[in-house]
DNA sequence: GCCAACGTTGGC
DNA sequence: GCCAACGTTGGC
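Residue numbers (the working numbering): 68 to 204.
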């Protein structure tokens with residue numbers, strides 16, 4: 068069971084929209100490392116939903132409803148999408164600043180590689196962020 | 001708005 | 001195959 072984090076610019080797709088819609092295809096990933104992570108996702112695995120650019124905070128949790136399939140927005144057919152389902156909203160959003168202030172979280176890819184949009188999150192970091200977010204892991 | 005980090009493109 | 005130029009992402 069791997070935990071994940073996915074980024075979305077709230078201008079393009081916000082947590083409020085995800086909550087309202089429930090299930091949404093996660094499309095448009097055009098980076099090989101991120102795409103490899105999408106391909107590794109299994110149904111039922113969970114991911115933090117992070118608002119990039121505006122907010123810069125983890126706001127919710129989604130789960131993988133449908134694993135990797137050809138991204139319908141890719142005409143060449145070489146990239147993949149997954150379907151994400153809204154699970155729950157964090158009691159307290161966990162900001163990037165808060166994460167950076169936490170020595171135990173200094174090594175996560177969100178901090179180490181700010182440009183990666185889909186990444187795995189180690190179990191211990193997942194639990195820590197859930198605590199910071201005011202929810203049970 | 002700026003810029004660092006990173007990926008991609010194209011000339012050689 | 002190297003690397004400079006350029007574009008994009010995303011934090012500040």
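Virtual Cβ for every residue (Gly too), placed ideally from N, Cα, C.
As the structure is a computational prediction, the values presented were derived from the model and not from experiment.
Which residues bound the alpha helix (DSSP H) around residue i?
i, result
"residue 178", "176-179"
"residue 167", "163-167"
"residue 196", "190-199"
Let's test the definition: count the other Cβ atoms within 10 Å of the Cβ of residue i and tell me whether it reaches 16, buried, or not, exposed.
i, result
"residue 144", "exposed"
"residue 200", "buried"
"residue 171", "exposed"
"residue 131", "buried"
"residue 104", "buried"
Ignore the nearest five residues each way along the sequence and tell me which others in residue i's own chain have a CB closer than 8 angstroms to its CB.
i, result
"residue 198", "204"
Quick one: what's got a C-beta closer than 6 angstroms to residue i's C-beta in the same chain, skipping five residues either side?
i, result
"residue 92", "148 and 150"
"residue 193", "70"
"residue 163", "123"
Quick one: residues in its chain with C-beta nearer than 7 angstroms to the C-beta of residue i, no 5 flanking neighbours on either side, listed in chain order?
i, result
"residue 157", "125, 126, 127, 200, 201 and 202"
Tell me the residue span of the beta strand (DSSP E) that contains residue i.
i, result
"residue 74", "70-75"
Beta strand (DSSP E) runs contained entirely in the segment 87-133, provided each spans 3 or more residues: 90-93 and 113-118
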